[in-house]
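A.B. asks:
Protein chains: 2
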Amino acid sequence: MELVRWPLCRVLLMNDARYPWLILVPQRPGMREIFDLSEEDQARLLGETRRAARALAAYGHPDKLNVAALGNVVAQLHLHVIARFVGDEAWPRPVWGVHPARPYGEAARQERLTALRRLLGEGGEGGEG
Amino acid sequence: MELVRWPLCRVLLMNDARYPWLILVPQRPGMREIFDLSEEDQARLLGETRRAARALAAYGHPDKLNVAALGNVVAQLHLHVIARFVGDEAWPRPVWGVHPARPYGEAARQERLTALRRLLGEGGEGGEG
Numbered sequence: 001m002e003l004v005r006w007p008l009c010r011v012l013l014m015n016d017a018r019y020p021w022l023i024l025v026p027q028r029p030g031m032r033e034i035f036d037l038s039e040e041d042q043a044r045l046l047g048e049t050r051r052a053a054r055a056l057a058a059y060g061h062p063d064k065l066n067v068a069a070l071g072n073v074v075a076q077l078h079l080h081v082i083a084r085f086v087g088d089e090a091w092p093r094p095v096w097g098v099h100p101a102r103p104y105g106e107a108a109r110q111e112r113l114t115a116l117r118r119l120l121g122e123g124g125e126g127g128e129g
Numbered sequence: 130m131e132l133v134r135w136p137l138c139r140v141l142l143m144n145d146a147r148y149p150w151l152i153l154v155p156q157r158p159g160m161r162e163i164f165d166l167s168e169e170d171q172a173r174l175l176g177e178t179r180r181a182a183r184a185l186a187a188y189g190h191p192d193k194l195n196v197a198a199l200g201n202v203v204a205q206l207h208l209h210v211i212a213r214f215v216g217d218e219a220w221p222r223p224v225w226g227v228h229p230a231r232p233y234g235e236a237a238r239q240e241r242l243t244a245l246r247r248l249l250g251e252g253g254e255g256g257e258g
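Quick note, the sequences are listed as chains P and U, same order. Take the numbering used here: the last position of the first sequence gets the number 129, and nothing is skipped along the way. Take the numbering used here: the last position of the second sequence gets the number 258, and nothing is skipped along the way.
#1: Starting from the beta carbon of residue 34 (chain P), find every residue of chain U whose beta carbon is closer than 9 Å, and list them in chain order.
#2: Compare the C-beta of residue 110 (chain P) against all C-beta atoms of chain U and say whether one is closer than 9 Å.
#3: Counting only beta-carbon separations shorter than 9 Å, does residue 200 (chain U) have a partner in chain P?
#4: Anything in chain U within Cβ reach of residue 43 (chain P), meaning under 9 Å, just list it in chain order.
#5: Using DSSP's beta-bridge definition, name the partner residues of residue 61 (chain P).
#6: Can you confirm whether residue 154 (chain U), when its beta carbon is compared against all beta carbons of chain P, has any partner nearer than 9 Å?
#7: What does DSSP give as the partner residues of residue 5 (chain P) in its beta bridges?
#8: Indicate the three-state DSSP secondary structure (helix, strand or coil) for residue 67 (chain P) in the structure shown.
#9: So the candidates are P:19, P:17 and P:25; which of them puts its Cα closest to the Cα of residue 4 (chain P)?
#10: At 8 Å on the CB atoms, spell out the chain U contacts of residue 18 (chain P), in chain order.
#11: When the distance is taken between beta carbons, is residue 37 (chain P) closer than 9 Å to residue 28 (chain P)?
#12: Is there a Cβ of chain P sitting closer than 9 Å to that of residue 138 (chain U), yes or no?
#13: My assumption, with CB atoms under 8 Å, is that residue 160 (chain U) sits in contact with residue 206 (chain U). Please give the rounded CB distance.
#14: Residue 18 (chain P) by DSSP, collapsed to three states: which one?
#15: If you reduce the DSSP assignment to three classes, tell me which class residue 213 (chain U) lands in.
#16: If contacts are defined as beta-carbon pairs under 8 Å, then residue 144 (chain U) and residue 230 (chain U) qualify, I think. What distance do you get, rounded to the angstrom?
#17: Which residues of chain U have a Cβ atom closer than 8 Å to the Cβ of residue 93 (chain P), listed in chain order?
#18: Can you name the residues of chain U whose CB is closer than 8 Å to the CB of residue 84 (chain P)?
#19: Determine the closest residue to residue 164 (chain U) out of P:53, P:6, P:74 and P:84, with distance taken between C-alpha atoms.
#20: So what's residue 128 (chain P) in DSSP terms, helix, strand or just coil?
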């Protein structure tokens, strides 16, 4: 579910209602590692990740953010930015592989998309915010 | 096990012989999130992570790098940079929580420390490499 498109990344919402979970996908085909990107794009990715992290921090005030580039299963470079809460289903473990995803119901999905789109739209242009 | 100390980060070797696994610890007490750092330090962290990733890429030519800032258990900001191989014990899952760590034997530990220290010492100064 695409939330917004920034100069470098498409920002997607993971379809798992347990965690506010963003995925940033740099629009650079064939890239697998962060460090395959040009240094200019790496700096851009850092800026856009910062912007995504700020939106998640403003959304529900999580106890911790998890930021990760894994890509063992899906090869195309992508970055996870996940809001974690003490007592969430996987806490304190990482979220991957703990239990199957719990897809959003339609109302919850719409509510979260709307709130996150608003927050992701704030804070400057071009990932510089 | 400290491998090297860069301008921002101490670089540690995780005591788990299954994966070449570095941990970068920014020498900034009290920081929990990447985005708690100043933007200057964030850029420095990116540069030092790139340098660590290049060293791991040169060490054994992994199939994938995993880069993650989780910190759910240990609060002090740290970044994992892990060399992954198709067929390693956790593949394709993330490494955390799959099985208990397998500590290095003394000879293997010394060999890996020596090889990684050499590679981490290459590629420029100050995380700009």
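Glycine included, each C-beta is placed from N, C-alpha and C at the ideal position. Note that the structure is predicted; figures quoted are calculated from it, not measured.
C.D. replies: In short, the structure shows the following:
#1: Stepping through the first sequence from its first residue, residue 34 (chain P) is reached at position 34. The contacting residues are 175, 178, 179, 182, 194 and 196.
#2: Here residue 110 (chain P) refers to the residue found at position 110 of the first sequence. No, residue 110 (chain P) lies away from the interface with chain U (no Cβ there is under 9 Å from its Cβ).
#3: To locate residue 200 (chain U), count along the second sequence from 1; it is residue 71. By this cut-off, residue 200 (chain U) is an interface position.
#4: Your numbering for residue 43 (chain P) matches position 43 in the first sequence. Going along chain U in sequence order, the residues near residue 43 (chain P) (Cβ under 9 Å) are 172 and 175.
#5: Reading the first sequence from its first residue, position 61 is the one you call residue 61 (chain P). For residue 61 (chain P), which the question treats as bridged, DSSP gives no partner whatsoever.
#6: Numbered from 1 along the second sequence, position 25 holds the residue referred to as residue 154 (chain U). Taking Cβ atoms only, chain P never reaches closer than 9 Å to residue 154 (chain U), which makes this a no.
#7: Translated into positions along the first sequence, residue 5 (chain P) becomes position 5. Answer is P:10, bridged to residue 5 (chain P).
#8: Counting from 1 along the first sequence, the entry for residue 67 (chain P) is found at position 67. Looking at residue 67 (chain P) - three-state DSSP - the assignment turns out to be strand.
#9: As a working note, residue 4 (chain P) is residue 4 in the first sequence. The residue with the shortest Cα to Cα distance from residue 4 (chain P) is P:25.
#10: In the first sequence, counting from the first residue as 1, residue 18 (chain P) sits at position 18. None at all; the shortest Cβ gap to chain U is about 15 Å.
#11: Indexing the first sequence from 1 puts residue 28 (chain P) at position 28. Indexing the first sequence from 1 puts residue 37 (chain P) at position 37. It is a contact, given that the beta carbons lie within the stated cut-off.
#12: The residue labelled residue 138 (chain U) in the question sits at position 9 within the second sequence. It does not; no Cβ of chain P falls within 9 Å.
#13: The residue labelled residue 160 (chain U) in the question sits at position 31 within the second sequence. The residue labelled residue 206 (chain U) in the question sits at position 77 within the second sequence. About 4 Å separates the two Cβ atoms, so the contact holds.
#14: In the first sequence, the residue the question calls residue 18 (chain P) occupies position 18. Three-state DSSP puts residue 18 (chain P) in coil, outside helix and strand.
#15: Start at 1 with the first residue of the second sequence, and residue 213 (chain U) comes out as number 84. Three-state result, residue 213 (chain U): strand.
#16: If you number the second sequence from 1, residue 144 (chain U) lands on position 15. If you number the second sequence from 1, residue 230 (chain U) lands on position 101. About 6 Å; that satisfies the 8 Å criterion.
#17: Position 93 of the first sequence, counted from the start, is the residue given in the question as residue 93 (chain P). Per Cβ cutoff of 8 Å: 201, 225 and 226.
#18: On the first sequence, residue 84 (chain P) is found 84 positions in, with the first residue counted as 1. Those within 8 Å of residue 84 (chain P) in chain U are 201.
#19: As a position in the second sequence, residue 164 (chain U) is number 35, starting the count at 1. Residue 164 (chain U) has its Cα closest to that of P:53, out of P:53, P:6, P:74 and P:84.
#20: Residue mapping note: residue 128 (chain P) aligns to position 128 of the first sequence, counting from 1. At residue 128 (chain P), the pLDDT of 43 sits below 50, so the modelled position is not reliable; the number obtained from the coordinates is stated separately. Residue 128 (chain P): coil per DSSP, three-state reduction.
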